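Novice: Using our numbering, the final residue of the sequence shown is 277, and nothing's skipped along the way. Yeah, the Cβ is synthetic: ideal placement off N, Cα and C, and Gly gets one too. Model, not experiment: these values are computed from the prediction. Sharing a structure, written as structure tokens. Questions coming.
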Amino acid sequence: MRVDEHGIRHSSGEPVAIVQKPIRTCGDVHVVLPAYNEAVALPSLLRRIAGTDLADRITVWVVDDGSSDGTGDCVADVRGLDVRLVRHPENLGLGQAVQSGLRAALAEAEPDHVLIVMDADDTHDPDVFPALLAEIGAGADVVICSRFVEGGDDSTAPRWRRLLSRGARVVFGRVLHFDGVRDFTSGFRAYRVSLLRRATTHWGERLVEERGFACMVELLLKLRHCGPVVCEIPMRLRYDRKPGASKLRLGRTLVQYTLLLTRDRLAPVPFRKL
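Pasting the structure below:
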């Protein structure tokens, strides 16, 4: 077999055309950072984002969720990056911070743009942005930075958080049967804006109703009704860079996961294709 100068394979004297996977172009990137009392970690993360090769295509939306440590003031010191600030006058929880960030970004984003949600505590690495965009360009609608694929790692996280994420993986994996998803609770994901727009058209302000950490699972559950292509890339969680204690409360989060699964089982499927 040989390949000629036109990219055509020849076998037994007969040309066989190579069928290539279509590439979908990606536009600009919107990064949503829900932040509550992250004045120590946020500047470092913003500098990392500003140092990426994609910085001139990125708009960062920092959602200051009622912080008392001056988190919102950090954005004024960033150079070489378009950073916008969304403020909550009081702490409303991670879910509502994500919702506010999505709403602000979608108001300006184009359908071919990509929206990335990540933690503001500097545990997520912006160096994976090119890999996220490559998967979106190859046809994915949602790309999850996963601890549970080859190359993923969360060994720096506290043991109880690792147990929680693994337990959630087993339970959600058995109950939801969501193809392409191993890490249901990861807070580091990329979404095609056109997908989020379709979902927002249906759910509106109810797209994210959970106030706590269960919001990331809730968003996946609702997006699955849009029939998205979902894939995962490895994530090395850098919990060793986190300057403060975790804000996740184990008991409260377990209750939220249980109630979320119950509501999902009882909620009717959307009556029309999304």
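In whole angstroms, what is the alpha-carbon distance linking P92 and D128?
Specialist: If I take the Cα positions, the gap works out to 29 Å.
Novice: DSSP state of L84, grouped into three classes?
Specialist: Note: L84 maps to coil in three-state DSSP.
Novice: Can the beta-carbon of V131 be found less than 8 Å from the beta-carbon of C234?
Specialist: Cβ atoms of V131 and C234: not closer than 8 Å.
Novice: Use the C-beta contact count for D80: other C-beta atoms within 10 angstroms, 16 or more gives buried, fewer gives exposed.
Specialist: That one is exposed.
Novice: Can you say whether L36 is buried or exposed, counting buried as having 16 or more other CB atoms within 10 angstroms of its CB?
Specialist: Per the 10 Å Cβ criterion, buried.
Novice: Just checking, does the segment 115-129 make contact with the segment 237-247 on the three C-beta pairs under 8 Å criterion?
Specialist: Flag = yes, the segment 115-129 and the segment 237-247 touch.
Novice: Please state whether the Cβ-Cβ distance between R255 and G215 is less than 8 Å.
Specialist: In this structure, G215 lies closer than 8 Å to R255 by Cβ.
Novice: In three-state DSSP terms, what is H116?
Specialist: Reduced to three states, the DSSP call for H116 is coil.
Novice: Just the Cα atoms here: how many angstroms apart are V211 and Q99?
Specialist: Looking at the two C-alpha atoms, the distance is approximately 7 Å.
Novice: Which whole-angstrom value describes the C-beta separation of C29 and G140, a residue pair presumed to lie in contact below a C-beta threshold of 8 Å?
Specialist: The pair is a contact, with the Cβ atoms about 5 Å apart (cut-off 8 Å).
Novice: Counting only beta-carbon separations shorter than 8 Å, does A53 have a partner in chain C?
Specialist: Of the protein chains in the structure, only one exists, and it is not chain C.
Novice: Examine the ligand ADP and report whether any of its heavy atoms sits within less than 7 Å of the Cβ of E208.
Specialist: Ligands displayed in this structure: none; no statement on the ligand ADP is therefore possible.
Novice: Check R60 in the structure and name its three-state DSSP category.
Specialist: R60: helix per DSSP, three-state reduction.
Novice: So, for A154: in the same chain, excluding its five sequence neighbours on each side, which residues have a beta-carbon less than 6 Å away from its beta-carbon?
Specialist: Looking at the sequence shown, residue 154 is not Ala but Gly. P237.
Novice: Please list the segments of the alpha helix (DSSP H) lying wholly inside the segment 115-191, counting only runs of 4 or more residues, in order along the chain.
Specialist: Runs of the alpha helix (DSSP H) inside the segment 115-191: 132-140 and 162-179.
Novice: Could you check if G170 is buried or exposed, using at least 16 other CB atoms within 10 Å of its CB as the buried criterion?
Specialist: With fewer than 16 Cβ atoms within 10 Å of its Cβ, G170 is classed as exposed.
Novice: If we call anything under 8 Å between Cβ atoms a contact, is L135 one with V196?
Specialist: Their beta carbons are not under 8 Å apart, which means L135 does not touch V196 by this criterion.
Novice: With the cut-off set at 8 Å, would you say T203 and L109 are in Cβ contact?
Specialist: Yes; because the gap between Cβ atoms is below 8 Å, this pair is in contact.
Novice: Would you list the residues sitting across from C77 in a DSSP beta bridge?
Specialist: Note: C77 sits in no beta bridge, so no partner.
Novice: Starting from P237, follow its DSSP beta bridges and name the residues at the other end.
Specialist: Per DSSP, S149.
Novice: Going by C-alpha to C-alpha distance, which of E111, L95 and V89 sits closest to W64?
Specialist: That would be V89, whose Cα lies nearest to the Cα of W64.
Novice: Under 8 Å by Cβ, that's how I've got F187 and V220 pegged, so tell me the actual separation to the nearest angstrom.
Specialist: With a Cβ gap of about 5 Å, F187 and V220 count as contacting.
Novice: Tell me which residue opens and which closes the beta strand (DSSP E) that A38 is part of.
Specialist: Note, A38: beta strand (DSSP E), V32 to A38.
Novice: For Q259, which residues from the same chain have a beta carbon less than 8 Å from its beta carbon, with the 5 sequence-adjacent residues on both sides left out?
Specialist: Answer for Q259: E213, G215, F216 and A217, listed in chain order.
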